[in-house]
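This report concerns only the one structure given below.
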Ligand SMILES: *Cc1c(COP(=O)(O)O)cnc(C)c1O
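Residue numbers (our numbering): 751 to 1134.
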């Protein structure tokens, strides 16, 4: 951190590994996969994947084939399999390379990318199944069924049709049947039980296939939802994943320096648009971070609405006015010793990422995946 002049991210890979172990223990006897799409939710595939593999991950999920290629490269560069830490939950022998599933599925023009890296598509329409039958050369794949989200997946009728078409099914030889929950973060919602019941029914048409339904929040809905494989993403990265559960260990801490502390008179306005006026005199600290670093512009404040806060010298300091591209202002009127050079925590152990996201009208997922390439990153290694 010491050398970073702008937003500095500290990414704790031992917390990531600990979060995986906690989710794997909760998932057992099901295997626990790791979802590392969108550059491992913004924290970095190149660093997250070796740490997760060393913690015992045998199955990875990404959204895009390019992301799958990066996972494969990260795995081949880290010495794997690691005989020191086999995952006792995994039904897959540790001598096999981890599986990499591509959630967005398969189009014929991607065949080369899949073959080169040994990627497995999550096939989500009959057209995708047919394309994989023509181009997949019998390599592993998953079948996704839509059970109510109306995003990706074969309809229940298409799934039953596929189950009857033995020729097509044997041409693609799937290894996994999966579906995705729309409301898992709200355990009381009736949609969860409805999706579970439909998934259980469709599964009877594919009696030999391992099944997977639960994302991070789904793991906590109960043993019925875990099947043979769980697929947590956000919980690995330490952000909130369900209304009734605290997040796991903090993985990402974002900090920025105070560049100057200034006095603003009663009646003055601050920032672009003069969107916030001061009714009383205020002391203001200007921080070296802004929306170009991925700190959300919507986390700012105005005369009409409060914004997020940062953590500075042990106190909370409210964000004042609009967040600029490279700068933001916070209220240090009640932090008299605040001074240039201080480090403010924008989110981390003292300022939950989800509180910042909520103040910006969004969720931790969006804040994490918005972190920009300009932000400096320091990785704390996973302890063996
Ligand atoms: C993103 C995703 C996950 C992981 O969800 P989290 O809420 O981050 O745990 C699991 N399955 C599918 C299909 C996804 O798209």
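Even for Gly, the Cβ is constructed at its ideal location relative to N, Cα and C.
Beta-carbon gap between residue 1106 and residue 1058 smaller than 8 Å: Numbered from 1 along the chain shown, position 356 holds the residue referred to as residue 1106. Numbered from 1 along the chain shown, position 308 holds the residue referred to as residue 1058. Judged by their CB atoms, residue 1106 and residue 1058 are nearer to each other than the 8 Å cut-off.
Buried or exposed by the 16-neighbour rule on C-beta atoms within 10 Å, applied to residue 840: Position 90 of the chain shown, counting from 1, holds the residue named residue 840. Because the pLDDT of residue 840 is 48, which lies under 50, any placement of that residue in the model is unreliable, and the question is left without a value.
Residue 942, buried or exposed, once every other Cβ within 10 Å from all chains shown has been counted against 16: For the purposes of this step, residue 942 is identified with residue 192 of the chain shown, where counting begins at 1. So residue 942 ends up on the buried side.
Closest residue to residue 972 among 937, 765, 762, 769 (Cα-Cα distance): The residue labelled residue 972 in the question sits at position 222 within the chain shown. Comparing Cα-Cα distances from residue 972 to each of 937, 765, 762, 769, the minimum goes to 937.
Proximity test, residue 983 beta-carbon vs ligand 1 heavy atom, cut-off 7 Å: Reading the chain shown from its first residue, position 233 is the one you call residue 983. Answer for residue 983: yes, Cβ within range of ligand 1.
Residue 1081, DSSP secondary structure in three states: Residue 1081 sits at position 331 when you count from the first residue of the chain shown. Here residue 1081 carries a strand assignment [DSSP, helix/strand/coil].
Any non-hydrogen atom of ligand 1 closer than 7 Å to residue 787 Cβ: Walking along the chain shown from the start, residue 787 turns up at place 37. Yes, the beta carbon of residue 787 sits closer than 7 Å to at least one heavy atom of ligand 1.
Within 8 Å, strictly: CB atoms of residue 1125 and residue 1044: By one-based count along the chain shown, residue 1125 stands at place 375. By one-based count along the chain shown, residue 1044 stands at place 294. Their beta carbons are under 8 Å apart, which means residue 1125 touches residue 1044 by this criterion.
Residue 1061 CB to nearest heavy atom of ligand 1 below 7 Å: Within the chain shown, residue 1061 is the residue found at index 311, counting from 1. No, ligand 1 has no heavy atom inside 7 Å of this Cβ.
Length of the line joining the Cα atoms of residue 1144 and residue 929: Any property of residue 1144 remains undetermined from this structure, which presents the chain solely from 751 to 1134.
Beta-carbon proximity list for residue 792, same chain, < 6 Å, skipping 5 on both sides: By 1-based counting over the chain shown, the position of residue 792 is 42. Take residue 792, set aside five residues on each side of it, and the residues of its chain with a beta-carbon closer than 6 Å to its own are 1118, 1119, 1121, in chain order.
Rounded C-alpha distance that separates residue 835 from residue 805: As a working mapping, residue 835 is identified with position 85 in the chain shown. As a working mapping, residue 805 is identified with position 55 in the chain shown. At residue 835 the pLDDT is 48, less than 50, meaning the model places this residue with poor confidence and gives no usable figure here.
Proximity of residue 802 and residue 851 at Cβ, strictly below 8 Å: Here residue 802 corresponds to residue number 52 of the chain shown, with the count starting at 1. Here residue 851 corresponds to residue number 101 of the chain shown, with the count starting at 1. Residue 851 is positioned such that its CB atom lies no closer than 8 Å to that of residue 802.
Collapsed DSSP secondary structure at residue 1067 in the structure displayed: By 1-based counting over the chain shown, the position of residue 1067 is 317. Of the three classes helix, strand and coil, the one that applies to residue 1067 here is strand, per DSSP.
Spatial neighbours of residue 843 in its chain, beta-carbon cut-off 8 Å, leaving aside the 5 residues before and after: In the chain shown, counting from the first residue as 1, residue 843 sits at position 93. Because the pLDDT at residue 843 is just 48, under 50, the model does not fix this residue reliably, and the value given afterwards should be weighed accordingly. So the list is empty, once near-sequence residues are dropped.
Proximity test, residue 1028 beta-carbon vs ligand 1 heavy atom, cut-off 7 Å: If you number the chain shown from 1, residue 1028 lands on position 278. For ligand 1, not one heavy atom lies less than 7 Å from the Cβ of residue 1028.
For residue 1114, three-class secondary structure by DSSP: To locate residue 1114, count along the chain shown from 1; it is residue 364. In this structure, residue 1114 counts as helix in the three-state DSSP scheme.
Whole-angstrom C-beta distance between residue 1062 and residue 1092, which should lie under 8 Å: Translated into the one-based positions of the chain shown, residue 1092 becomes position 342. Translated into the one-based positions of the chain shown, residue 1062 becomes position 312. At roughly 6 Å, the Cβ-Cβ gap stays under 8 Å, so residue 1092 and residue 1062 are in contact.
Runs of beta strand (DSSP E) wholly within the segment 769–822 (minimum 3 residues, chain order): The qualifying runs are 809–812.
Spatial distance of residue 1072 from residue 996 (CA atoms): Counting from 1 along the chain shown, the entry for residue 1072 is found at position 322. Counting from 1 along the chain shown, the entry for residue 996 is found at position 246. Looking at the two C-alpha atoms, the distance is approximately 30 Å.
Straight-line gap, residue 962 to residue 976 (C-alpha atoms, nearest Å): Translated into the one-based positions of the chain shown, residue 962 becomes position 212. Translated into the one-based positions of the chain shown, residue 976 becomes position 226. Pairing residue 962 with residue 976, the inter-Cα distance amounts to about 7 Å.
Through-space distance from residue 911 to residue 1002, alpha-carbon basis: Looking up residue 1002 in the chain shown gives position 252. Looking up residue 911 in the chain shown gives position 161. Cα to Cα, the separation comes out at about 45 Å.
Own chain partners of residue 876 with C-beta closer than 6 Å, once the 5 adjacent residues on each side are dropped: Residue numbering aside, residue 876 sits at position 126 when the chain shown is read from its first letter. These residues qualify, in order along the chain: 908.
Contact the segment 1019–1036 vs the segment 818–829: 3+ CB pairs below 8 Å: Judged by Cβ distances under 8 Å, the segment 1019–1036 makes no contact with the segment 818–829, as fewer than three pairs qualify.
Outcome for residue 878 when other beta-carbon atoms lying within 10 angstroms are tallied against a minimum of 16: Locating residue 878 in the chain shown gives position 128, where the first residue counts as 1. Residue environment: residue 878 is assigned as buried (16 or more neighbouring CB atoms within 10 Å of its CB, all protein chains considered).
Simplified DSSP assignment, three categories, for residue 1005: In the chain shown, the residue the question calls residue 1005 occupies position 255. Correct three-state label for residue 1005: strand.
CB of residue 1069 within 8 Å of CB of residue 1050, strictly: Residue numbering aside, residue 1069 sits at position 319 when the chain shown is read from its first letter. Residue numbering aside, residue 1050 sits at position 300 when the chain shown is read from its first letter. It is a contact, given that the beta carbons lie within the stated cut-off.
Where the alpha helix (DSSP H) containing residue 984 begins and where it ends: Walking along the chain shown from the start, residue 984 turns up at place 234. Annotation for residue 984: no alpha helix (DSSP H) segment contains it, and DSSP assigns it neither H nor E.
Stretch-stretch touch, CB-based, cutoff 8 Å, three pairs: the segment 942–956 with the segment 860–873: Too few Cβ pairs lie closer than 8 Å, so no.
Residue range of the unbroken beta strand (DSSP E) whose run includes residue 762: By 1-based counting over the chain shown, the position of residue 762 is 12. From DSSP, the beta strand (DSSP E) with residue 762 extends over 758–762.
beta-carbon residue 999 near ligand 1 non-hydrogen atom, thresh 7 Å: Against the chain shown, residue 999 aligns to sequence position 249. For residue 999, the Cβ stays outside the 7 Å cut-off from all heavy atoms of ligand 1.
Nearest residue (CA-CA) to residue 746, options 967, 1100, 965, 880: Beyond the ends of the chain as shown, which are 751 and 1134, falls residue 746; an answer cannot be given.
C-alpha gap between residue 832 and residue 1133, whole angstroms: Within the chain shown, numbered from 1, the residue matching residue 832 stands at position 82. Within the chain shown, numbered from 1, the residue matching residue 1133 stands at position 383. Confidence is the limiting factor: at residue 832 the pLDDT is only 48, short of 50, which leaves the residue's position unreliable and the question unanswerable from this model.
Cα-Cα separation between residue 775 and residue 1098, rounded to whole angstroms: By one-based count along the chain shown, residue 775 stands at place 25. By one-based count along the chain shown, residue 1098 stands at place 348. So the two alpha carbons sit approximately 25 Å from each other.
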